[in-house]
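Before any comments, here is the structure.
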Amino acid sequence: MIKKTAVIGAGLAGLSAAYHLKKAGIETWLFEKAGHPGGLSASSVKNGFIFDFTGHFFHFKEDYAKEFVFGLPGCPLKSIKRNAGILINGQIIDYPFQANFSQMKDKAAVKECEEGLKNRKERENYGSFKDWILGTYGEGIARRFMFPYNSKLWAYDLDCILPAGTSSYIPDTKKKQSSYGYNSGFFYPETGGIGKIAEALAAESGKIEYLSEVEKIYAATKSLIVRGNLIVPYERLVSTVPLPELIKMTADAPLNVRKAAEALKYTSVFALNLGIERSSISDRHWIYVPEEKYLFYRVGFYSNVSAALCPAGTSSLYIE
């Protein structure tokens, strides 16, 4: 059998890898355990509703990525300006909180946030994400929104999270307007849900084996066990499965690597999709929910992103 570059997982990362390898003239073989492309960026259809795996929107940092996605045939995208809110004390205010806390009817809370901003102690280096929040926003904003929301989102001690990976996605307080931050605007397919992107990319990415779960990897012999008994030799391997799962699959991974993989921390998200038999249940694209009395941390409204995602006269949403 001719050895090829094997790619595990037909999510957007795996599809992009296969596409670019094919473009470079490298023969690839992509294995996907599901019966369709997309992974967590796929869409499903139920009773006329199109659901994603929670909100998936495009925010482009590089021109090439934007040109690449916009160049996919049969998948036009539309530009959308964010309309996000925060549910706090029974009131919905504009997102982000740090720029719009003055909208709260609770004036004691507003004063606490103002005084916290005024008395905050900024510094260049922070030891944790929690320290960064306090130094950047002060105690009021931290207590009213940043601490409770991020504790729910990450489900982990904020003192044990480094600030570098999270702070770049949080708008600062130097701009006083309702729509700023990395997601102030976003792109989404005109029809078909976010899965439309994966379908368009799959058509350009070469050979894909669906319903073909890679069960074992033998790094020493450069071979895969697929569907329980198919032995696939490879020259190079690209994996897009979660790192702990990759190590479990690798039969000859060293013991110290296995132990290190078992110690990795991650957060899982449960997403509940709902179709509602009435229209206009909200005018927002999504709403953040920081308060501990609610089990969920965000509610998003598919039907406000694209009317094509649900039947006429209905609404659709996701709860995370």
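Each residue of the sequence shown is one higher than the one before, starting from 327 at the first, in the working numbering.
Glycine included, every Cβ here is placed at the ideal spot set by N, Cα and C.
- In this structure, the alpha-carbon of S605 lies about 51 Å from that of V558.
- Judged by their CB atoms, F513 and S405 are nearer to each other than the 7 Å cut-off.
- Secondary structure of F473 (DSSP, three-state): helix.
- Going by DSSP, A410 is part of the beta strand (DSSP E) stretching over A410 to I414.
- Here D432 has N415 as same chain residues with Cβ atoms under 6 Å from its own Cβ, once five neighbours each way along the sequence are excluded.
- Where V540 is concerned, the enclosing beta strand (DSSP E) starts and stops at V540 to Y544.
- For A410, the closest of Y644, P616 and D609 by C-alpha to C-alpha distance is D609.
- Ranked by Cα distance from A597, the first of A336, R624, K619 and A634 is R624.
- The three-state secondary structure of N630, taken from DSSP, is helix.
- In this structure the region 550-567 does not lie against the region 511-529, because fewer than three pairs of beta carbons, one per stretch, are closer than 8 Å.
- When C-beta atoms of the region 366-386 are compared with those of the region 620-640, three or more pairs fall below 8 Å, so the two segments count as touching.
- Within its own chain, the residues whose Cβ lies closer than 6 Å to the Cβ of I645, once the five positions on either side in sequence are excluded, are L598, F622 and V625, listed in chain order.
- Across the structure, I551 and D578 are spaced so that their CA atoms are roughly 13 Å apart.
- The Cβ atoms of A339 and T354 lie no closer than 7 Å to each other.
- Where S370 is concerned, the enclosing beta strand (DSSP E) starts and stops at S369 to K372.
- Between the alpha carbons of Q424 and K437 lies a gap of roughly 13 Å.
- Annotated three-state conformation of L398 is coil, per DSSP.
- At a Cβ-Cβ threshold of 7 Å, V615 and L413 count as neighbours.
- A332 has W355 and L563 as its beta-bridge partners, per DSSP.
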